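K.L.:
When the letters of the sequence shown are read in order and numbered with numbering that gives the first Met the number 0, they come out as residues 0 to 261.
For glycine and all other residues, C-beta sits at the position ideal for the given N, C-alpha and C.
This one's a predicted model, so the numbers in the text were calculated from it and none came from an experiment.
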Amino acid sequence: MIERSYEKFFRQNRLPHLWCPGCGNGIVMKAIVQAVEKKGWTQDNTVIVSGIGCSSRASGYMDFDTLHTAHGRAIPFATGIKLANPDLNVVVITGDGDCTAIGGNHFIHGCRRNINLNVILFNNNIYGMTGGQASPTTPLGKKATTAPYGSIDPPFDACNLAIAAGATFVARSTAFHVQHLVNMISSSFDNEGFSFVEALVQCPTSYGRKNKFPTPASMLQWFKDNAAMKPTEGKFTIGVLHSSTAESYDHAYYRLIDEVVG
Ligand code: SF4
Ligand code: MG
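#1: Look at the Cβ atom of residue 48, then the Cβ atom of residue 76, and state whether they are nearer than 8 Å.
#2: Keeping to the same chain, check which residues put their C-beta closer than 7 Å to that of residue 136; ignore five residues upstream and five downstream.
#3: So what does DSSP say about residue 200, is it helix, strand or coil?
#4: Does residue 122 come within less than 8 Å of chain C when only Cβ atoms are used?
#5: Does DSSP put residue 262 in a helix, a strand or coil?
#6: Which partner residues does residue 121 have in the DSSP bridge list?
#7: Per DSSP, which residues does residue 47 bridge with? Please list them.
#8: Which residue from 73, 64 and 42 puts its Cα closest to that of residue 54?
#9: Is residue 128 near the ligand SF4, judged by its Cβ being under 7 Å from some heavy atom?
#10: Using the Cα positions of residue 23 and residue 183, report the straight-line distance between them to the nearest angstrom.
#11: I'd like to confirm something about residue 256: is its beta-carbon nearer than 7 Å to some heavy atom of the ligand MG, or not?
#12: Which residues bound the beta strand (DSSP E) around residue 173?
#13: Counting along the chain, where does the alpha helix (DSSP H) carrying residue 250 start and finish?
#14: For residue 205, verify whether its CB is less than 7 Å away from any heavy atom of the ligand SF4.
#15: Let me confirm a value: residue 215 is counted as buried when at least 16 other C-beta atoms fall within 10 Å, else exposed. Which label applies?
#16: Could you tell me which of 195, 175 and 152 sits nearest to residue 167, measuring between CA atoms?
#17: Determine the DSSP secondary structure at residue 42, reduced to helix, strand or coil.
#18: Using the DSSP secondary-structure output, state which residues sit across from residue 227 in a beta bridge.
#19: Would residue 35 be called buried (16 or more neighbouring beta carbons within 10 Å of its own) or exposed?
#20: Should the stretch 79 to 91 be called in touch with the stretch 37 to 51, which here means at least 3 C-beta pairs below 8 Å?
What follows is the structure, given as structure tokens:
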């Protein structure tokens with residue numbers, strides 16, 4: 000059997016994973032470790048921090064120093080790690096409910112402070128693990144257990160939210176565009192500051208079944224048909240949406256300590 004180079008990044012004794020057949024979470028998890036490998040980061044200098052939800056289970060399968068934290072609280076834990084040891088590369092794995100609802104305040108203030116974290120949002124447009132409730136990214140009119148006739152809540156665009164709040168690198172990709180996704184994540188790793196990558200993922204169980212996607216493949220086909228590399232009427236844009244330069248929070252923190260203490 001051929002051993003793939005990225006397999007060393009997984010805790011083989013924790014597999015198989017608990018995700019449903021056809022779930023997109025594994026695609027994004029693999030893209031993260033491929034980006035880590037591409038960047039030359041190691042298991043000793045990389046920390047994975049996740050919140051709660053289906054996607055946040057990824058940290059348990061990844062053979063790094065990992066923290067599976069409380070719902071919505073991955074960014075505060077990650078901030079502590081980065082400030083205590085700025086040499087570590089800190090990757091946050093989060094879902095749409097975890098990041099934009101329960102952890103919404105932590106998310107916007109992480110962006111505002113430009114903390115040098117790499118936040119990867121697995122956006123399946125639903126609360127998958129807790130039973131298919133509508134999340135802040137559930138599109139208008141789409142069904143959820145809490146919206147059986149279709150959601151009337153205008154959804155967040157998580158990328159626009161991150162840009163408005165001050166993130167210095169923001170990109171979007173999907174579980175269909177795998178190599179593109181790896182490239183977006185590895186580019187986000189190059190940014191010294193708050194980096195945010197939204198990965199659209201299929202959740203056939205809690206979202207697809209209610210919204211006329213008969214198979215996981217039909218959800219991937221939807222990503223293929225509706226994503227565009229540049230702004231296009233009626234489609235969503237994938238790629239780097241924003242990139243800017245600003246002093247990162249950990250840099251400012253240690254600069255201030257140097258100035259005050261000498
Ligand atoms: Fe994946 Fe959805 Fe199943 Fe959760 S409920 S494991 S997100 S398919
Ligand atoms: Mg979700």
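P.N.:
In short, the structure shows the following:
#1: Counted from its first residue, the sequence shown places residue 48 at position 49. Counted from its first residue, the sequence shown places residue 76 at position 77. Taking 8 Å as the Cβ cut-off, residue 48 and residue 76 qualify as a contacting pair.
#2: The sequence position of residue 136 within the sequence shown is 137, counting from 1. Cβ neighbours of residue 136 beyond the five flanking positions: 95, 99, 122, 124, 154, 155 and 157.
#3: Position 201 of the sequence shown, counted from the start, is the residue given in the question as residue 200. Residue 200: coil per DSSP, three-state reduction.
#4: Any reference to chain C falls outside this structure, which holds one protein chain only.
#5: Nothing can be reported for residue 262: it is not among the residues displayed for the chain, which extend from 0 to 261.
#6: Reading the sequence shown from its first residue, position 122 is the one you call residue 121. Its beta-bridge partners are 94 and 198.
#7: Mapped onto the sequence shown, residue 47 falls at position 48. In the DSSP output, where bridge partners are listed per residue, residue 47 has 65 and 90.
#8: Indexing the sequence shown from 1 puts residue 54 at position 55. Measuring from the Cα of residue 54, the nearest candidate turns out to be 73.
#9: Position 129 of the sequence shown, counted from the start, is the residue given in the question as residue 128. Within the cutoff, so yes.
#10: The residue given as residue 23 occupies position 24 in the sequence shown. The residue given as residue 183 occupies position 184 in the sequence shown. Distance between the alpha carbons of residue 23 and residue 183 is about 17 Å.
#11: To locate residue 256, count along the sequence shown from 1; it is residue 257. No, since every heavy atom of the ligand MG falls outside the 7 Å radius drawn around the Cβ of residue 256.
#12: Reading the sequence shown from its first residue, position 174 is the one you call residue 173. Per DSSP, residue 173 belongs to the beta strand (DSSP E) from 168 to 173.
#13: Locating residue 250 in the sequence shown gives position 251, where the first residue counts as 1. Element bounds for residue 250: 248 to 260.
#14: To locate residue 205, count along the sequence shown from 1; it is residue 206. Checking the Cβ of residue 205 against the ligand SF4 gives yes.
#15: Taking the sequence shown and counting its residues from 1, one reaches residue 215 at position 216. It counts as buried.
#16: Translated into positions along the sequence shown, residue 167 becomes position 168. That would be 195, whose Cα lies nearest to the Cα of residue 167.
#17: The residue you call residue 42 lines up with position 43 of the sequence shown. Here residue 42 sits in coil by DSSP.
#18: Sequence index remark: in the sequence shown, residue 227 carries index 228 (1-based). Answer is 236.
#19: The residue you call residue 35 lines up with position 36 of the sequence shown. Its Cβ being crowded by 16 or more others within 10 Å, residue 35 is buried.
#20: Yes: at least three Cβ pairs fall under 8 Å.
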